[in-house]
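Novice:
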Amino acid sequence: MAIRPEHLLIPRREGLYCPPGDFFIDPVRSVDRALITHGHADHARAGHGHVLATAQTLDIMAIRYGAGHAGATQAAGLGETIRIKDVTVRFHPAGHVLGSAQISVEKDGLRIVASGDYKPRPDPTCATFEPVACDVFITEATFALPVFRHPDATSEIGRLLRSVRRNPDRAHLVGVYSLGKAQRVIRLIRDAGYQAPLYIHGALQKLCDYYESQGIALGDLRPATVEASAKGDFAGAIVLGPPSAFSDTWARRFPDPLISFASGWMQVRARARQRGVELPLVISDHADWDELAQTIQAVSPGEVWVTHGREEALVRWCHMQGIAAKPLHLVGYEDEGD
Amino acid sequence: MNRFADLLDMLAFTPSRNAKLSLLQDYFRTVPDPERGYALAAIVRDLDILAVKPAQLRELISARMDAELFAYSYDYVGDLAETIALAWPEKAGKAVGRNDAPGLAEVVETLQASSRRDGPKLVEDWLDRLDPPGRYALLKLVTGGFRMGLSARLVKQALAGFGQVEVNEIEELWHGLTPPYLDLFAWLEGSGPRPVNAAAAPFRPVMLSHAIDIGDFDKLDPADFTAEWKWDGIRVQATSERGVSRLYTRTGDDISAAFPDLVDAIGFDGALDGELLVARPGGDGIETGTFSDLQQRLNRKTVTARQVRDYPAFFRAYDLLQDGAEDLRANPFLDRRARLEAFVARLDPMRFDCSDMLTFADWDELAAHRANPPLAVIEGVMIKRKASPYLPGRPKGEWFKWKRDPFLIDAVLMYAQRGHGKRSGFYSDYTFGVWREPGELVPVGKAYFGFTDAELVQIDKYVRDNTMERFGPVRSVRADLEKGLVFEVAFEGINRSSRHKSGVAMRFPRISRLRWDKPPGEADRLETLERMIDGAA
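Just so you know, the protein sequences line up as chains A and B, in that order. Here the first sequence stands for residues 1 to 338, numbered as in the working numbering. Here the second sequence stands for residues 339 to 875, numbered as in the working numbering.
1. Short of 6 Å in beta carbon distance, which residues of its chain neighbour A:Ser55, apart from the five on each side in sequence? Order them along the chain.
2. Could you check whether the Cβ of B:Ala451 sits closer than 7 Å to any Cβ belonging to chain A?
3. Using DSSP with H/G/I as helix, E/B as strand and the rest coil, what is A:Cys126?
4. Taking A:Trp265 as part of the alpha helix (DSSP H), name the residues at either end of that continuous run.
5. Got a sec, what are the start and stop residues for the beta strand (DSSP E) B:Thr790 sits in?
6. Taking only beta-carbon atoms, is B:Phe351 less than 7 Å away from chain A?
7. How is A:His7 classed by DSSP in three states: helix, strand or coil?
8. Within this structure, are the beta carbons of B:Ala603 and B:Ser578 separated by less than 7 Å?
9. So does the segment 300-319 of chain A actually touch the segment 245-261 of chain A, counting three or more Cβ pairs closer than 8 Å?
10. Tell me, please, whether the segment 418-431 of chain B touches the segment 136-149 of chain A by the rule of three or more beta-carbon pairs shorter than 8 Å.
11. I'd like to check one pair, B:Leu479 with B:Ala561: are the Cβ atoms closer than 7 Å?
12. Grab the span of the alpha helix (DSSP H) containing B:His707 for me, first residue to last.
13. So which residues on chain B does A:Asp248 lean against when the C-beta distance must stay under 8 Å?
14. Run through DSSP, which three-state label would B:Gly590 get?
15. If you check the beta carbons only, do B:Ile747 and B:Gly788 fall under 7 Å apart?
16. Taking just the CA atoms, how far does A:Ile157 sit from B:Arg845?
17. What residue range does the beta strand (DSSP E) around B:Val780 cover?
18. On the CB-based measure, 16 or more other CB atoms within 10 Å of its CB, does A:His201 come out buried or exposed?
19. Using the Cβ count rule (16 or more neighbours within 10 Å means buried), how would you classify A:Arg13?
20. Okay, do the segment 508-515 of chain B and the segment 455-467 of chain B touch, 3+ Cβ pairs below 8 Å being the bar?
21. For the alpha helix (DSSP H) holding A:Arg310, just list the boundary residues, first then last.
22. If I follow the unbroken beta strand (DSSP E) through A:Gly15, where does it start and stop?
23. Measure from the C-beta of A:Asp256 to each C-beta in chain B and report whether the shortest distance is under 7 Å.
24. Between A:Arg121 and chain B, is the shortest Cβ-Cβ distance under 7 Å, so that the two count as touching?
25. Would you say B:Tyr410 lies against chain A (beta-carbon separation less than 7 Å)?
26. Exposed or buried, what is A:Ala237 when buried is set at 16 or more other beta-carbons lying within 10 Å of its beta-carbon?
27. Determine the chain A residues that contact B:Ala425 at a beta-carbon separation under 7 Å, and present them in chain order.
28. Relative to the alpha-carbon of A:Ser244, which residue among A:Arg269, A:Phe234 and A:Leu204 has its alpha-carbon at the smallest distance?
29. What is the C-beta distance between B:Val925 and B:Ser840, in whole angstroms, given that I count them as a contact (C-beta under 8 Å)?
30. Is A:Cys134 helix, strand or coil when you go by DSSP?
31. Taking the beta carbon of A:Pro223 as the centre, do at least 16 other beta carbons fall within 10 Å, making it buried, or is it exposed?
32. List, from N- to C-terminal side, the beta strand (DSSP E) runs of 3 residues or more that fit wholly inside the segment 629-685 of chain B.
33. Just to confirm the assignment, what range does the beta strand (DSSP E) spanning B:Leu691 have?
34. Give the single residue among B:Phe606, B:Pro543, B:Met339 and B:Arg383 whose Cα lies nearest to the Cα of B:His467.
35. Please classify B:Arg837 as buried or exposed, where buried requires at least 16 other C-beta atoms within 10 Å of its C-beta.
36. As a quick exercise: from B:Arg674, B:Tyr414 and B:Glu447, pick the residue whose alpha carbon is nearest that of B:Thr564.
If you want it as structure tokens, here you go:
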């Protein structure tokens with residue numbers, strides 16, 4: 001008899017659990033066996049017994065937590081079939097950040113795809129999202145409201161570069177999360193033809209080095225330190241750092257800083273103003289509303305489970321299309337990580 | 339529409355005044371007529387177009403989108419125009435880069451030529467053709483919902499900088515101009531003559547004073563000067579010709595509609611410079627109200643009969659600029675003053691009088707006047723050169739203001755907010771409070787200047803070391819009877835205010851001293867501020 005989806009993957013306090021395989025997907029606390037979709041801190045934590053993830057995600061975890069972050073690790077090739085007890089799992093590209101993957105879990109002909117965080121639009125810094133046919137599609141809902149419709153990232157980078165030209169005396173401080181967003185924004189700036197040095201906060205250095213080692217050229221990156229340069233040297237420069245650094249004394253080393261932030265949240269004016277952002281850039285590593293809808297239609301699953309974010313709106317949309325859907329309440333994933 | 343939308347967005351997110359000026363000037367330089375003129379009119383709210391009501395917009399979106407999904411969206415975004423702009427489902431794919439997107443001029447001119455019934459249909463069609471920023475600008479335009487935080491003064495300064503002319507020239511012309519201001523832009527760009535203000539009762543640019551420095555007195559001969567009280571109302575100009583009467587602020591904004599009681603009493607042909615006050619019959623003549631009384635009449639587009647009755651508007655004249663057909667501005671002050679007294683003597687004494695002159699033989703005697711004003715609504719003395727012509731702007735060496743000393747209180751730092759631009763990374767905007775009860779502070783004001791850069795560094799460190807909670811860019815700072823940072827706060831006046839939790843509102847507060855030495859428990863109490871309202875200010 002076929003297994004019911006509710007018995008193949010179930011939400012638990014630690015994360016999404018697979019009883020027949022005895023493993024968790026993206027557990028938020030230490031477990032014996034973890035499958036990790038990608039390297040962001042709310043999905044990839046240190047201290048598991050065994051970790052199965054893509055080689056790049058394992059590298060990123062080692063960079064962030066040290067080589068001993070797990071008892072044992074195993075690299076999953078994209079599309080490779082891996083057997084865990086009675087269950088078959090496969091990793092497929094999710095297009096979110098370098099190394100990010102959806103995880104397909106299959107038993108007795110029933111397939112659930114846990115997509116983790118994903119975006120379908122092309123990104124020069126990671127493999128492109130692939131829709132995987134399945135019975136149950138677990139989708140994120142970070143930007144699952146009809147107001148979230150991310151513009152083309154290259155046009156947002158164009159706005160940044162115009163602002164830099166218009167303000168030659170000011171340093172542009174662009175807030176970017178250190179894994180994924182930072183490297184994508186840098187790559188997009190390079191693709192727009194800007195080849196001058198970019199200055200980066202120390203928190204970005206190791207991951208930028210890693211992206212370079214994986215063949216993603218980021219151009220001339222320099223540390224944004226005062227030791228290396230006088231304050232005036234940053235006039236007209238683009239400086240990238242984690243947004244939290246801008247509220248810190250770190251920001252004082254720059255001449256008349258112009259605060260920017262590259263995030264899907266910048267779509268909403270009140271959010272930008274609340275953070276004191278002068279140049280909001282709507283650049284997101286998540287699917288926007290239209291992309292969530294298109295992805296669900298492309299995957300065409302029997303049922304959709306909606307997690308972390310604005311579940312109610314996406315569940316509503318699925319019901320309007322005649323697609324079975326329900327919210328899946330998982331704890332511990334952060335709203336803000338874009 | 340997109341260039342206008344970009345401008346609105348950048349103005350909304352740019353905190354610095356100079357950066358706003360340069361954004362406006364870039365826009366005037368790069369955008370052609372008539373679009374730039376309509377943008378200017380929209381920003382200064384001088385655009386008379388068909389309005390579309392929020393309820394009509396809700397109808398439009400509900401025909402396109404599931405009500406529940408819209409409700410979730412509106413709940414999240416919190417602004418109707420922004421929600422619709424972002425969520426609007428186009429009929430055929432995304433409207434990015436469409437070449438039939440309407441321009442601002444097309445939108446404005448179509449709306450001007452349309453009937454009220456057509457409004458929603460037009461807006462619906464434009465929403466389909468615009469991208470989200472364009473839709474946002476359109477919706478703010480048709481709902482009249484611009485709250486830009488841009489003063490008319492700032493916009494006029496941008497125009498002056500754009501055309502390399504003095505701002506008072508713009509102010510003088512402003513009232514005779516109409517959107518899209520083709521003649522104004524032609525003149526500012528050097529391709530046309532200076533527009534002639536053909537409107538009756540035009541504004542005349544105001545003469546302003548410099549704050550006097552104690553050292554200045556040694557260089558000034560008291561025999562060359564006259565003095566009068568400096569009244570704490572708002573500086574205005576009352577003008578009438580050819581049967582048209584107007585009341586202007588000192589920056590040329592027409593506020594006639596809010597003061598019909600005064601405007602109806604003008605009944606003269608000429609232009610007076612003076613102070614707008616509230617005054618009632620009482621005692622042996624006229625009793626001048628306080629600035630709080632006047633505030634009941636300010637910042638209103640219209641006025642109720644009750645406000646007119648309870649807070650009658652009154653004009654205290656300082657100067658006579660125009661008497662019938664005769665322009666007096668080149669005459670010396672003393673000559674104008676003599677003409678003024680004769681002129682005002684013919685006006686309704688319940689609405690007009692002359693500011694009294696002060697007699698003094700030397701500066702010490704004037705100082706004694708300044709120290710003992712007969713009324714709380716006097717905020718110092720004005721010193722005017724007897725020979726001064728009436729010059730627009732702030733000419734040097736002619737008029738001086740000598741304000742009374744500021745009020746001072748000791749208040750406790752409660753909240754600090756991060757600054758922008760050169761103050762990025764510093765907590766530089768402070769909310770301070772006084773004691774309502776022992777142990778209970780109530781916020782009474784905000785200040786972000788008055789301290790040195792070195793002091794800013796010290797306060798910033800204090801804020802970081804004593805943070806209680808964080809709310810976005812704001813931190814609450816420990817402030818109780820034992821521990822807290824005391825500021826000596828200077829301010830120009832204090833009023834009752836129902837909008838503030840404390841019930842009081844300060845005017846022009848700034849940090850005058852840091853009192854690291856003072857225990858917070860010894861800061862002032864709210865009662866002290868309340869007494870300042872009742873007694874002095």
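Every residue gets a Cβ at the ideal spot worked out from N, C-alpha and C, and that includes glycine.
Specialist: With the structure as the only source:
1. Residue 55 of chain A sits at position 55 when you count from the first residue of the first sequence. The question names Ser, yet the displayed sequence has Ala at residue 55 of chain A. Result list for A:Ala55: Ala75, in chain order.
2. Translated into the one-based positions of the second sequence, residue 451 of chain B becomes position 113. No, B:Ala451 lies away from the interface with chain A (no Cβ there is under 7 Å from its Cβ).
3. Position 126 of the first sequence holds residue 126 of chain A. Per DSSP, reduced to three states, the secondary structure at A:Cys126 is coil, with no helix or strand assignment.
4. Sequence index remark: in the first sequence, residue 265 of chain A carries index 265 (1-based). From DSSP, A:Trp265 is part of no alpha helix (DSSP H); its letter is neither H nor E.
5. For the purposes of this step, residue 790 of chain B is taken as residue 452 along the second sequence, with counting starting at 1. B:Thr790 -> no beta strand (DSSP E), and no H or E assigned at all.
6. Position 13 of the second sequence holds residue 351 of chain B. Interface residue, yes.
7. Walking along the first sequence from the start, residue 7 of chain A turns up at place 7. Note: A:His7 maps to helix in three-state DSSP.
8. As a first step, residue 603 of chain B must be located in the second sequence, where it is residue number 265. As a first step, residue 578 of chain B must be located in the second sequence, where it is residue number 240. The Cβ atoms of B:Ala603 and B:Ser578 lie no closer than 7 Å to each other.
9. no
10. yes
11. Residue numbering aside, residue 561 of chain B sits at position 223 when the second sequence is read from its first letter. Residue numbering aside, residue 479 of chain B sits at position 141 when the second sequence is read from its first letter. The beta carbons of B:Ala561 and B:Leu479 sit no closer together than 7 Å.
12. Start at 1 with the first residue of the second sequence, and residue 707 of chain B comes out as number 369. First-last of the alpha helix (DSSP H) with B:His707: Trp701 to Ala709.
13. Looking up residue 248 of chain A in the first sequence gives position 248. Under the 8 Å cutoff, chain B gives Gly763.
14. Counting from 1 along the second sequence, the entry for residue 590 of chain B is found at position 252. DSSP places B:Gly590 in coil when its eight states are reduced to three.
15. On the second sequence, residue 747 of chain B is found 409 positions in, with the first residue counted as 1. On the second sequence, residue 788 of chain B is found 450 positions in, with the first residue counted as 1. Contact: no.
16. For the purposes of this step, residue 845 of chain B is identified with residue 507 of the second sequence, where counting begins at 1. For the purposes of this step, residue 157 of chain A is identified with residue 157 of the first sequence, where counting begins at 1. The straight-line gap from Cα to Cα measures roughly 43 Å.
17. On the second sequence, residue 780 of chain B is found 442 positions in, with the first residue counted as 1. Per DSSP, B:Val780 belongs to the beta strand (DSSP E) from Glu778 to Ala785.
18. On the first sequence, residue 201 of chain A is found 201 positions in, with the first residue counted as 1. By the 10 Å Cβ count, A:His201 comes out buried.
19. If you number the first sequence from 1, residue 13 of chain A lands on position 13. Looking at its Cβ environment, which holds fewer than 16 other Cβ atoms inside 10 Å, A:Arg13 is exposed.
20. Touching, no.
21. If you number the first sequence from 1, residue 310 of chain A lands on position 310. No alpha helix (DSSP H) contains A:Arg310, which DSSP labels as neither H nor E.
22. Counted from its first residue, the first sequence places residue 15 of chain A at position 15. Per DSSP, A:Gly15 belongs to the beta strand (DSSP E) from Gly15 to Cys18.
23. In the first sequence, the residue the question calls residue 256 of chain A occupies position 256. The beta carbon of A:Asp256 falls within 7 Å of a beta carbon belonging to chain B, placing the residue at that interface.
24. Numbered from 1 along the first sequence, position 121 holds the residue referred to as residue 121 of chain A. Cβ-Cβ to chain B under 7 Å: no for A:Arg121.
25. Position 72 of the second sequence, counting from 1, holds the residue named residue 410 of chain B. Chain A contact via Cβ: present.
26. Here residue 237 of chain A is taken as the residue at index 237 of the first sequence, counted from 1. Result: buried.
27. By 1-based counting over the second sequence, the position of residue 425 of chain B is 87. In chain order: Pro146 and Val147.
28. Taking the first residue of the first sequence as position 1, residue 244 of chain A is located at position 244. Nearest option by C-alpha distance: A:Leu204.
29. Shown here, chain B extends from 339 to 875; a query on residue 925 of chain B therefore has no answer.
30. If you number the first sequence from 1, residue 134 of chain A lands on position 134. In this structure, A:Cys134 counts as coil in the three-state DSSP scheme.
31. On the first sequence, position 223 is the one that residue 223 of chain A refers to. Exposed: under 16 other Cβ atoms inside 10 Å.
32. 651-661
33. Within the second sequence, numbered from 1, the residue matching residue 691 of chain B stands at position 353. The amino acid occupying residue 691 of chain B in the given sequence is Asp; Leu does not appear at that position. Phe690 to Cys692 is the extent of the beta strand (DSSP E) around B:Asp691.
34. Counting from 1 along the second sequence, the entry for residue 467 of chain B is found at position 129. In the sequence on display, residue 467 of chain B carries Arg and not His. Checked all of B:Phe606, B:Pro543, B:Met339 and B:Arg383; the closest Cα to B:Arg467 is B:Met339.
35. As a position in the second sequence, residue 837 of chain B is number 499, starting the count at 1. With fewer than 16 other Cβ atoms inside 10 Å of its own Cβ, B:Arg837 counts as exposed.
36. Here residue 564 of chain B corresponds to residue number 226 of the second sequence, with the count starting at 1. Proximity to B:Thr564 across B:Arg674, B:Tyr414 and B:Glu447 peaks at B:Arg674, based on C-alpha coordinates.
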